[in-house]
Amino acid sequence: MSERRIDQSVVRILEQKFALGLFENPYVDEAAAGRIAGNARFVAEGRAAQQASLVLLENKPVAARGAGRGRPMLPLNPSLKRVWLHNVDAATVKARGFTVVDDPAQADFALVRTAAPYEILHPNYTFGSRQHEGRLDFRDGDPDYEAIKRASAVAPTVVTVYLDRPAVLTNVSSRAAALIGNFGITDDALLDVLQGKARPRGRLPFELPSSMAAVLAQASDAPYDSRAPLYPFGYGLRYQGHIASSR
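Residue 36 in the working numbering sits at position 36 of the sequence shown, and the numbers go up by one each step.
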């Protein structure tokens, strides 16, 4: 890149800083910051963005206790009151009127939060100790996967996965009554969506492969090229049943 091209980029950045007045008055107004940062409107907009970004991947008909045969798992039937939790704050759930149980066999449904699997393969390097590498699939012995297996064996289970990387969800999808990809959301905002007070509208920003074999076989420099992806790029369900999938 030429020096002239670099100068053009620098000028564009400086123009933005001048427009904000950062050179004339570079100091923070502490009183104004207290009113602006974390104000109610901004918090509400952030919450709505979290909810809209959720990607509904599965929403299967269930015939569990009180759920009604053929009714999709989400939004939750109001009759479902007893819930088993994994990685979810019990106090937040109880505040919504649910009864939290210790045994999933006693639950009307289960709610499990997990994240895309990863390994730390280069712990002695600065970035290697911080970034997520390695496998993308859930395996026997993984604590979160064991929780999913335990719950789904006895109760319809809602699973939400934090997708900081494109996880292989084949064996999770087959066990979950509802499966949701998230990119960061609070328990309280998530419960709004589960109860139908807000709706998921997200689409996948990457495809989710069907297996690690497909991951290893794909080209590392090409997007959307894994063989028979479980969920393609752009995939997302709606509560009305519409599938949105595009490239």
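Ideal Cβ positions, reconstructed from N, Cα and C, are used throughout, including at glycine.
Straight-line Cα distance separating Pro-75 from Glu-15 | Here residue 15 corresponds to residue number 15 of the sequence shown, with the count starting at 1. Here residue 75 corresponds to residue number 75 of the sequence shown, with the count starting at 1. Straight-line Cα distance between these residues: approximately 47 Å.
Considering only the beta carbon of each residue, do Val-55 and Val-83 sit closer than 8 Å?
-> Sequence index remark: in the sequence shown, residue 55 carries index 55 (1-based). Sequence index remark: in the sequence shown, residue 83 carries index 83 (1-based). Cβ distance not < 8 Å, so Val-55 and Val-83 don't count as in contact.
Between the segment 77 to 96 and the segment 107 to 121, are three or more C-beta pairs nearer than 8 Å?
-> yes
Distance, Leu-208 Cα to Tyr-145 Cα | The residue you call residue 145 lines up with position 145 of the sequence shown. The residue you call residue 208 lines up with position 208 of the sequence shown. Roughly 17 Å between the two C-alpha positions.
Kindly give me the distance between the Cβ atoms of Val-159 and Ala-176, rounded to whole angstroms, as I take these residues to be in contact under 8 Å.
-> Looking up residue 159 in the sequence shown gives position 159. Looking up residue 176 in the sequence shown gives position 176. Yes, Val-159 and Ala-176 are in contact; Cβ-Cβ is about 4 Å, under 8 Å.
When DSSP labels each residue in this structure, what does Leu-14 get in the three-state scheme?
-> Counting from one through the sequence shown, the residue named residue 14 turns up at place 14. It is helical.
How should Gln-50 be labelled, buried or exposed, when 16 other C-beta atoms within 10 angstroms of its C-beta is the threshold for buried?
-> Taking the first residue of the sequence shown as 1, we reach residue 50 at position 50. Counting Cβ neighbours within 10 Å, Gln-50 comes out buried, since at least 16 surround it.
Contact check, Thr-265 vs Leu-230 under 8 Å by CB: the rounded distance?
-> A query on residue 265 cannot be resolved here, the shown segment of the chain reaching from 1 to 247 and no further.
Looking at the structure shown, is Gly-68 part of a helix, part of a strand, or coil, going by DSSP?
-> One-based indexing of the sequence shown puts residue 68 at position 68. With a pLDDT of 47 at Gly-68, under the threshold of 50, the predicted position of this residue should be treated as unreliable, and no value is reported.
Between Tyr-162 and Ala-116, is the Cβ-Cβ spacing less than 8 Å?
-> Locating residue 162 in the sequence shown gives position 162, counting from the first residue. Locating residue 116 in the sequence shown gives position 116, counting from the first residue. Against a cut-off of 8 Å, the Cβ pair of Ala-116 and Tyr-162 comes out as a contact.
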